[in-house]
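2 protein chains.
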Amino acid sequence: LHLLSPKGFVAGAVHAGIKSTKKNDVGLLICDAPIPATTAAVFTTNKVFAAPVKIGREHIAASNGRLRGVVVNSGNANACTGAQGDRDARRMCSLTAMQVGCDPIQVLPCSTGIIGHLMPMQKIERGIVGAASKLGSSESHALQFADAILTTDTKRKAASTRIKIGKTQITVAGVCKGSGMIGPRMSLGMPPHATMLAFLTTDADIPAATLRRVLASSADRSFNAVTVDDHTSTNDTAVILASGMSGATVRSAHEVARFASALNEVCKSLAYQIAADGEGATKVVRIEVRGARTQSDANSIARAIANSPLVKCAMNGNDPNWGRIVSAAGLCGADFDPNRATLWLQGTKVFHRGRPVLFNAAKVSRSLDAKEVVVDLACNLAKSHATVWTCDLSKDYVTINADYHT
Amino acid sequence: LHLLSPKGFVAGAVHAGIKSTKKNDVGLLICDAPIPATTAAVFTTNKVFAAPVKIGREHIAASNGRLRGVVVNSGNANACTGAQGDRDARRMCSLTAMQVGCDPIQVLPCSTGIIGHLMPMQKIERGIVGAASKLGSSESHALQFADAILTTDTKRKAASTRIKIGKTQITVAGVCKGSGMIGPRMSLGMPPHATMLAFLTTDADIPAATLRRVLASSADRSFNAVTVDDHTSTNDTAVILASGMSGATVRSAHEVARFASALNEVCKSLAYQIAADGEGATKVVRIEVRGARTQSDANSIARAIANSPLVKCAMNGNDPNWGRIVSAAGLCGADFDPNRATLWLQGTKVFHRGRPVLFNAAKVSRSLDAKEVVVDLACNLAKSHATVWTCDLSKDYVTINADYHT
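If you're matching them up, the sequences are chains A and B in order. Residue numbers for the first sequence follow the working numbering, so the first one is 11 and each next one is one higher. Residue numbers for the second sequence follow the working numbering, so the first one is 11 and each next one is one higher.
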């Protein structure tokens with residue numbers, strides 16, 4: 011299974027010379043079904059949002075959520091580029107529309123890369139023409155597209171699942187990118203900034219309003235629950251295209267729940283892959299906050315722990331420094347009482363109701379030397395729960411971000 | 011001028027063996043005026059606050075803000091230590107009271123160091139007796155006390171100033187500690203956690219209510235405007251003792267303003283020293299946000315920039331990466347419009363009204379290779395202004411915090 015397994019999609023990608031590496035940097039993902047795909051997208055809430063985000067939101071609205079596809083480039087974010095940036099993002103759409111035969115408002119543009127540089131439009135134009143000439147629906151096409159969206163990522167990121175709606179099989183698939191400037195806070199209504207991009211496909215037939223609701227909910231539990239450096243990007247976008255080509259309709263509450271569950275699975279896998287490939291990361295740290303007073307409190311506490319450089323460095327050093335975790339829970343303003351809380355690290359209880367617990371520090375330290383570390387905090391105040399994925403903070407993160415140059 | 015220059019104070023400090031180094035780790039700062047000092051203190055707002063913070067707040071209230079002095083130790087924070095921690099903090103006060111002849115509620119306890127370990131009370135007791143036997147008012151006594159409060163700090167931190175109130179000279183002085191776990195959010199009403207400690211002395215005669223108000227305001231503009239890792243500690247405390255021994259009374263609005271200005275100067279100098287000595291720091295980064303819609307917006311924007319690991323790494327690498335700064339301003343939820351904003355780095359305009367400005371990147375990069383870097387962002391929305399001090403994020407920060415062990 012891959013991005014193009016759902017019926018009704020083709021993709022193509024090329025290296026157009028925007029990135030200094032030889033890797034793909036322009037890609038097209040197109041719905042080749044008889045009618046355009048039902049589309050929903052969430053965008054960054056950063057008030058500094060890139061031109062493609064602005065134009066993308068316009069196009070989703072103007073096309074009434076029915077798109078032919080997506081044009082994406084990596085290497086340049088087209089952010090903080092003024093009116094020329096807007097024109098360039100529109101031009102990416104019209105060039106794509108010309109190639110695939112649709113209205114420019116039926117194309118969503120996405121960009122990721124450096125901020126504050128005008129787009130190299132000659133290269134972009136060549137890239138779009140090249141990618142259009144290579145459209146296909148094989149796994150190789152899916153991989154080529156997945157590679158075209160990467161920047162500092164060290165790994166391609168993809169996920170997919172297949173379920174039955176009634177007696178008909180549907181597929182939900184996706185690819186994404188994200189490694190640094192990761193602290194997405196995407197919503198349906200607002201514009202994006204750091205960069206996390208996710209492209210999702212399905213051949214289910216689902217109403218636009220339902221798709222929007224399900225995507226927003228899935229994004230909150232996946233992409234919006236990942237943080238590498240909590241720096242919400244100018245370009246964050248997650249978009250799902252539904253071709254309807256499986257013939258399965260998603261209408262009843264039960265069908266919607268099944269579809270949502272499949273989409274959650276794909277989005278969570280993608281989000282996890284972003285945390286695992288966080289800049290300089292040696293491990294994923296999964297923060298589980300249980301028993302918080304409200305959902306907002308649970309999220310705040312989990313994010314405060316996930317974003318504490320002290321906690322992240324301790325994870326890098328396999329240090330069971332629970333004081334940093336408990337104190338991070340207390341600093342974010344959420345309701346929290348250390349005298350009612352219990353904390354486990356990799357399953358070992360290290361703090362209970364205001365007091366330390368005797369534990370074998372060397373053994374717990376060894377257990378932290380793992381690909382995934384689970385920090386489990388029970389607040390014992392009420393019933394709200396949040397999961398946030400992050401990674402450790404290593405010297406390599408500093409190297410990558412101190413030496414990257416403008 | 012030093013901490014004991016204001017009339018009416020003595021201090022003493024010893025190495026009691028709490029820290030593994032040979033450095034001082036227990037100190038006393040005592041007001042030896044005929045009547046106890048008028049005292050105000052601000053404490054961490056972390057919901058996980060250490061025992062000395064809890065007891066300190068009780069003593070300030072119970073003594074009606076008239077203290078004989080402060081007992082402080084470094085090497086152990088007495089945080090997350092349950093009921094035994096409370097007893098130990100009270101015992102520190104009663105031991106001190108016995109030595110100097112006062113009521114235990116007239117003593118404020120402060121601790122800094124590791125979280126979650128019971129206090130080594132035999133060492134503490136020996137330390138308090140030893141420090142009491144060494145009390146004196148010389149500069150050497152002030153320095154000994156200043157050293158006793160340090161943990162990962164690489165430098166002693168002190169500041170002082172002298173002004174005239176009417177025809178009488180008064181002195182305001184202070185020492186502080188802080189290097190990691192620095193993101194103080196202290197207030198009059200609430201308890202503290204990461205660790206920043208500041209001890210301030212003055213010989214002005216000032217009413218308790220005025221002193222509280224002036225300290226809270228000064229703390230907001232100084233200690234609460236410093237962030238190294240935005241991790242509000244369990245133990246943050248700033249306390250000022252006013253002996254009244256200069257004979258100068260601070261009563262009229264004009265006198266209060268003059269006193270406040272002197273206290274601001276001392277607190278800002280101490281706060282700056284904390285940023286400069288931030289763990290792994292190679293430089294201070296001063297963030298000036300001007301023209302924000304509200305004071306809260308100005309603070310949020312300045313803190314978002316100061317706490318972005320991407321911005322801090324760029325500063326470490328002398329990279330004029332203004333995209334990270336502008337995008338940090340946009341992500342915090344404050345009102346911000348990039349199309350109205352202008353950004354200067356070390357005085358060079360790099361971004362103006364939504365678009366990049368041509369600048370000599372190599373030259374600006376060289377200008378960032380300095381002991382202090384100024385990031386100046388004009389929002390052009392209204393008139394609110396905030397200053398926040400931070401430092402760069404270096405590989406040494408990771409080394410210090412990944413290798414520190416529990």
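We put the beta carbon where it would ideally sit given N, CA and C, even for glycine. Please read all numbers here as calculations on a predicted model, not as lab measurements.
In this structure Arg78 (chain A) touches Gln116 (chain A) by the C-beta definition: roughly 4 Å separates them, less than 8 Å. Relative to the Cα of Ile297 (chain A), the nearest Cα in the group A:Glu289, A:Val52, A:Val238 belongs to A:Val238. For the set A:Ser310, A:Ser143, A:His241, A:Thr292, the Cα lying nearest the Cα of Val58 (chain A) is the one of A:His241. In this structure, the straight-line span from the alpha carbon of Leu378 (chain B) to that of Asp402 (chain B) is close to 11 Å. In the structure shown, Gly137 (chain A) adopts helical secondary structure according to DSSP, grouped into three states.
Asp246 (chain A) sits in coil when the DSSP states are folded into three classes, being neither helix nor strand.
Contact with chain B is absent for Phe369 (chain A), since none of that chain's Cβ atoms lies less than 7 Å from the residue's Cβ. Cβ-Cβ separation between Val81 (chain A) and Cys103 (chain A): approximately 7 Å, consistent with a contact (criterion under 8 Å). Flagged as an interface residue toward chain B: Ser318 (chain A), by a C-beta distance shorter than 7 Å. Ala258 (chain B) is outside the set of residues whose beta carbon lies under 7 Å from a beta carbon in chain A.
Under the Cβ criterion of 7 Å, Ser279 (chain B) is not counted among the residues facing chain A. Contact annotation for Val385 (chain A) against chain B: no contact, minimum CB-CB distance about 14 Å [criterion: below 9 Å]. In this model, Ser30 (chain B) and Lys144 (chain B) are separated by some 22 Å (Cα to Cα). Residue pairing by DSSP puts Lys187 (chain B) in a beta bridge opposite B:Leu207. DSSP, reduced to helix, strand and coil, places Thr164 (chain B) outside both helices and strands of the structure shown, so it counts as coil. Leaving aside the five residues that flank Met255 (chain B) on each side, the residues in its chain whose CB is nearer than 6 Å to its CB run, in chain order, Lys17, Gly18, Ala43, Asp213.
Among the residues of the segment 237-256 of chain A, those with a Cβ less than 9 Å away from any Cβ of chain B are Val238, Asp239, Asp240, His241, Thr242, Ser243, Thr244, in the order of the chain. Unbroken alpha helix (DSSP H) runs of no fewer than 4 residues, entirely contained in the segment 350-409 of chain A, are found at 371-378, following chain order.
Fully contained in the segment 24-90 of chain A are the following alpha helix (DSSP H) runs of length 4 or more, in chain order: 61-72.
For a cut-off of 8 Å, the C-beta gap from Asn86 (chain B) to His151 (chain B) is around 23 Å, too long to register as a contact.
In the DSSP assignment, Asp215 (chain B) is bridged to B:Thr259. In chain A, no part has a C-beta under 9 Å from the C-beta of Lys64 (chain B); the shortest such distance is about 11 Å. When the Cα atoms are used, Trp354 (chain A) and Ala371 (chain B) turn out to be separated by approximately 48 Å. Under the three-state reduction of DSSP output, Lys174 (chain A) falls in the strand class. When beta bridges are read from the DSSP output, Gln94 (chain B) appears opposite no residue.
Pairing Lys293 (chain B) with Cys323 (chain B), the inter-Cα distance amounts to about 11 Å. Burial is judged here by how many other beta carbons sit within 10 angstroms of a residue's own beta carbon; Lys373 (chain B) has fewer than 16 and is exposed.
The beta carbon of Leu341 (chain A) is closer than 7 Å to those of Ala314 in its chain, skipping five residues each way along the sequence. Here the alpha carbon of Gly327 (chain B) sits roughly 15 Å from the alpha carbon of Val385 (chain B).
Counted as a single uninterrupted DSSP element, the beta strand (DSSP E) harbouring Arg300 (chain A) occupies residues 294-302. By a beta-carbon distance limit of 8 Å, Gly188 (chain B) does not contact Ile124 (chain B). Their separation comes to about 16 Å. Contact annotation: Val20 (chain B) and Ile40 (chain B) have beta-carbon atoms nearer than 7 Å. By the Cβ neighbour-count rule, Lys278 (chain A) is buried, with 16 or more other Cβ atoms within 10 Å of its own.
One Cα belongs to Leu153 (chain B), the other to Gly146 (chain B), and the distance between them is close to 11 Å. Ser337 (chain B) belongs to the set of residues whose beta carbon lies under 7 Å from a beta carbon in chain A.
The beta carbons of Gly137 (chain B) and Val224 (chain B) sit no closer together than 7 Å.
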